[in-house]
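**Q** In UniProt numbering, the protein residues as written are 1 to 575. I have a structure here, written as structure tokens, and I will follow up with some questions on it.
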Amino acid sequence: MRRRPVALAPFEAMEKGSPKNQQTRLCFLASLSAFFWILLLYFHFVVLGRSTTIEDSVPSPPFKLESPIVNVESIPARVTKEKPPVVKPVMNTAAEKVVAYPFMRALRTVENKSDPCGGRYIYVHNLPPRFNEDMLKECKSLSLWTNMCKFTSNEGLGPPLENVEGVFENTGWYATNQFAVDVIFNNRMKQYECLTNDSSIAAAIFVPFYAGFDIARYLWGYNISRRDAASLDLVDWLMKRPEWGIMGGKDHFLVAGRITWDFRRLTEEESDWGNKLLFLPAARNMSMLVVESSPWNANDFGIPYPTYFHPAKDEEVFVWQDRMRNLERKWLFSFAGAPRPGNPKSIRGQIIDQCKQSKVCKLLECDFGESKCHSPSSIMQMFQSSLFCLQPQGDSYTRRSAFDSMLAGCIPVFFHPGSAYTQYTWHLPKNYTTYSVFIPEDDIRKRNVSIKERLSQISPEQVKIMREAVINLIPRLIYADPRSKLETLRDAFDVAVDAVINKVTKLRRNIIQGRTEYDNFVEENSWKYDLLDEGQREVGAHEWDPFFSKPKDEQRDQSAEAAKNSWKNEQRDQS
Numbered sequence: 001m002r003r004r005p006v007a008l009a010p011f012e013a014m015e016k017g018s019p020k021n022q023q024t025r026l027c028f029l030a031s032l033s034a035f036f037w038i039l040l041l042y043f044h045f046v047v048l049g050r051s052t053t054i055e056d057s058v059p060s061p062p063f064k065l066e067s068p069i070v071n072v073e074s075i076p077a078r079v080t081k082e083k084p085p086v087v088k089p090v091m092n093t094a095a096e097k098v099v100a101y102p103f104m105r106a107l108r109t110v111e112n113k114s115d116p117c118g119g120r121y122i123y124v125h126n127l128p129p130r131f132n133e134d135m136l137k138e139c140k141s142l143s144l145w146t147n148m149c150k151f152t153s154n155e156g157l158g159p160p161l162e163n164v165e166g167v168f169e170n171t172g173w174y175a176t177n178q179f180a181v182d183v184i185f186n187n188r189m190k191q192y193e194c195l196t197n198d199s200s201i202a203a204a205i206f207v208p209f210y211a212g213f214d215i216a217r218y219l220w221g222y223n224i225s226r227r228d229a230a231s232l233d234l235v236d237w238l239m240k241r242p243e244w245g246i247m248g249g250k251d252h253f254l255v256a257g258r259i260t261w262d263f264r265r266l267t268e269e270e271s272d273w274g275n276k277l278l279f280l281p282a283a284r285n286m287s288m289l290v291v292e293s294s295p296w297n298a299n300d301f302g303i304p305y306p307t308y309f310h311p312a313k314d315e316e317v318f319v320w321q322d323r324m325r326n327l328e329r330k331w332l333f334s335f336a337g338a339p340r341p342g343n344p345k346s347i348r349g350q351i352i353d354q355c356k357q358s359k360v361c362k363l364l365e366c367d368f369g370e371s372k373c374h375s376p377s378s379i380m381q382m383f384q385s386s387l388f389c390l391q392p393q394g395d396s397y398t399r400r401s402a403f404d405s406m407l408a409g410c411i412p413v414f415f416h417p418g419s420a421y422t423q424y425t426w427h428l429p430k431n432y433t434t435y436s437v438f439i440p441e442d443d444i445r446k447r448n449v450s451i452k453e454r455l456s457q458i459s460p461e462q463v464k465i466m467r468e469a470v471i472n473l474i475p476r477l478i479y480a481d482p483r484s485k486l487e488t489l490r491d492a493f494d495v496a497v498d499a500v501i502n503k504v505t506k507l508r509r510n511i512i513q514g515r516t517e518y519d520n521f522v523e524e525n526s527w528k529y530d531l532l533d534e535g536q537r538e539v540g541a542h543e544w545d546p547f548f549s550k551p552k553d554e555q556r557d558q559s560a561e562a563a564k565n566s567w568k569n570e571q572r573d574q575s
């Protein structure tokens, strides 16, 4: 049987076709080849080129702010004044333009949910030892009247306190100097869980300069050149570092365990007080954490004075809190302090008089050489036995005593908003009525209001609620032992670092969005901005305006005088 011929395939048929069909085939192959090469070139130059531009631009040389001497240095660190820093962006050449900022890599770490440190990394400058450790080696020169060597021991906590009278616990208590935050904070930073050697992923950059110790050496008997020397040297060193150029220093922060007025000399007169660190153009971009900040400036932030309690573990805090809850408090209110006869606006004399005349007030008067006033055991024992602790202004707005009293579970009574409410906005609730009592100074000075009657009007139930609020605040008001780490609690250090990171992160996002944090920002109203609720962008009239409304220079002059008096009182205490 003959097999039927197999039908020709289409391609064979085309080969056997006419010359016209062969020309059509050649055109088709040429078109296919051209399309392939066009697609390949597009993928190489456009797709791959765009990816390279975006990724490579993140660690590219830091952006420059336009007119850095004028715009960058004049914008306060807390907020931008009018416009965010103008970034020289990196853009690709494709139709879609993508802007990349030098801090984009740091912001992206927040998105990495598998990284517990995402968005929390801190880069610490490796400063020459003249800015920190060398000062500790010369600790005897840190104060004219106090041997700071013993207070810089134990990582800055000072010598352990003996619990002879049973006022403290057996561990975790130290004779800590109120101006030792520089070294305590730096040593706590060494234990921070999210340190990095890669500054490009850092959420903020820490400058371990002992600013408080530096100025303490030269406040008395030295000219302004000597007082300013280390600050100028520091700024010069920082501005030469590549990390500085990323944001012109706006992501940098440092700590000074003194009041802000020691760093705000107004003039070049030799008789003027302090140095000018916080008025240096570069320093105005950094955030400086101090135990008392200025209500009229935007580059300093208040953090708690150190207390005597530095727990090494959570359990020590819980035991102390429970003990403070269960104490019997026989005094309605108490006061530890001295009058200020040289200050006609001080209400301390009237407070002392009221306390002396009351059977429900305990007074620890400090002006007549009473050693108990400088005994941590005597002070804490008095606070532990009181329901309310009076905290008028000291030589300046603030007092360490406020934190000692809250550590003892005593409800603080403030007479000026600058003593706590506008100072420690990171660490204390905005609703100050939950944990404290506010009696305006003029109520005492002009109206002769009875403190006893005012406090007696608060019901026992409300007192209990307020005392519980104070006791719950204790962890965030103390500095844990730098040689250990609390497990679940966040101390004053943790709260401050989180606040700095949030501040820098918000600023970076505002720069990307081309917006400012506040509308019509006025630096002299800085104290008001920290009291705004989330989302509010503008301040107006405030009930506390009378406390801060005097001419700025007059206020600063008084504050500088207060700083000087503080040192005189330290001299008296040590004599």
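Beta carbons are placed, not taken as given, at the ideal position from N, Cα and C, and that holds for glycine.
Compare the Cα-Cα distances from residue 483 to each of 127, 192, 133, 116 and report the closest residue.
**A** 192
**Q** CB residue 361 to CB residue 387, shorter than 8 Å?
**A** no
**Q** According to DSSP, simplified to helix, strand and coil, what is residue 607?
**A** This structure cannot settle anything about residue 607, because the visible part of the chain is limited to 1 through 575.
**Q** Judging by CA-CA distance, which residue of 124, 237, 197 is the nearest neighbour of residue 130?
**A** The shortest Cα separation from residue 130 among 124, 237, 197 belongs to 237.
**Q** Report yes if the CB atom of residue 486 is closer than 8 Å to the CB atom of residue 313, and no otherwise.
**A** yes
**Q** Would you list, in sequence order, the uninterrupted beta strand (DSSP E) runs of no fewer than 3 residues that lie entirely inside the region 270 to 316?
**A** 287 to 292, 300 to 302
**Q** Going straight from the alpha carbon of residue 338 to that of residue 208, what length do you get?
**A** Roughly 35 Å between the two C-alpha positions.
**Q** Would you say the region 295 to 311 touches the region 162 to 179, given that touching needs at least three Cβ pairs under 8 Å?
**A** Verdict: yes, contact present.
**Q** Going by DSSP, which residues form a beta bridge with residue 412?
**A** 389
**Q** Considering just the uninterrupted stretch of the beta strand (DSSP E) at residue 123, what are its terminal residues?
**A** 122 to 124
**Q** I need the boundaries of the alpha helix (DSSP H) containing residue 166, first residue and last residue.
**A** Run containing residue 166: none; DSSP gives neither H nor E here.
**Q** Are at least three pairs of beta-carbons, each pair with one atom in the region 535 to 545 and one in the region 315 to 334, less than 8 Å apart?
**A** no
**Q** Is DSSP giving residue 50 helix, strand or coil here?
**A** Low local confidence applies: a pLDDT of 42 at residue 50 is under 50, so the model's placement there is unreliable, and no value is given.
**Q** Under the three-state reduction of DSSP, which class applies to residue 259: helix, strand or coil?
**A** strand
**Q** By Cβ distance below 7 Å, which residues in the same chain neighbour residue 416 in space, the five residues on each side in sequence not counted?
**A** Cβ within range, chain order: 393, 397, 441, 547.
**Q** Just the C-alpha distance for residue 451 and residue 304, rounded to the nearest angstrom, thanks.
**A** Straight-line spacing of the CA atoms in residue 451 and residue 304 works out to 26 Å.
**Q** Look at the alpha carbon of residue 434 and the alpha carbon of residue 464, and state the distance between them as a whole number of angstroms.
**A** 11 Å
**Q** Am I right that residue 103 and residue 246 are in contact with their C-beta atoms under 8 Å? What's the rounded C-beta distance?
**A** Their Cβ separation, rounded to whole angstroms, is 6 Å, which keeps residue 103 and residue 246 in contact under 8 Å.
**Q** Residue 145 by DSSP, collapsed to three states: which one?
**A** If DSSP states are grouped into helix, strand and coil, residue 145 belongs with coil.
**Q** Within the continuous beta strand (DSSP E) that includes residue 106, where are the two ends?
**A** Residue 106 -> not in any beta strand (DSSP E); alpha helix (DSSP H) instead, spanning 104 to 108.
**Q** Once you ignore the five residues that flank residue 270 on each side, which residues in its own chain have a CB closer than 7 Å to its CB?
**A** Counting only Cβ-Cβ distances below 7 Å, and skipping sequence neighbours, we find 223, 224.
**Q** Using the Cα positions of residue 113 and residue 481, report the straight-line distance between them to the nearest angstrom.
**A** 30 Å
**Q** Assign residue 126 to buried or exposed, taking buried as 16 or more other Cβ atoms, counted over all protein chains shown, within 10 Å of its Cβ.
**A** Exposed: under 16 other Cβ atoms inside 10 Å.
**Q** Which residues share a DSSP beta bridge with residue 437?
**A** 413
**Q** Could you tell me the alpha carbon to alpha carbon distance between residue 395 and residue 109, rounded to whole angstroms?
**A** 45 Å
**Q** Find out if the Cβ-Cβ distance for the pair residue 356, residue 363 is shorter than 8 Å.
**A** Yes. Within cutoff.
**Q** Going along the chain, which residues of its own chain have a beta-carbon closer than 8 Å to the beta-carbon of residue 334, five neighbours each way excluded?
**A** 355, 361, 362, 363, 364, 382, 383, 385, 386, 388, 389, 390, 410
**Q** Would you check if there are 3 or more beta carbon pairs closer than 8 Å linking the region 277 to 286 to the region 147 to 158?
**A** no
**Q** Based on Cα-Cα distance, which residue from 376, 531, 107, 431 lies nearest to residue 166?
**A** For residue 166, the closest C-alpha among the options 376, 531, 107, 431 is that of 376.
**Q** Determine the DSSP secondary structure at residue 468, reduced to helix, strand or coil.
**A** Here residue 468 sits in helix by DSSP.
**Q** Would you call residue 257 buried or exposed, if buried means 16 or more other Cβ atoms sit within 10 Å of its Cβ?
**A** buried
**Q** Can the beta-carbon of residue 402 be found less than 8 Å from the beta-carbon of residue 419?
**A** yes
**Q** Tell me, please, which residues DSSP counts as bridged to residue 334.
**A** 362, 389
**Q** What ranges does the beta strand (DSSP E) occupy inside the region 163 to 215, keeping only unbroken runs of at least 3 residues that lie completely in it?
**A** Runs of the beta strand (DSSP E) inside the region 163 to 215: 204 to 206.
**Q** By the three-class DSSP mapping on this structure, what secondary structure does residue 254 have?
**A** Here residue 254 sits in strand by DSSP.
**Q** Take the Cβ of residue 446 as the centre, count every other Cβ of all protein chains shown within 10 Å, and call the residue buried at 16 or more, exposed below.
**A** It counts as exposed.
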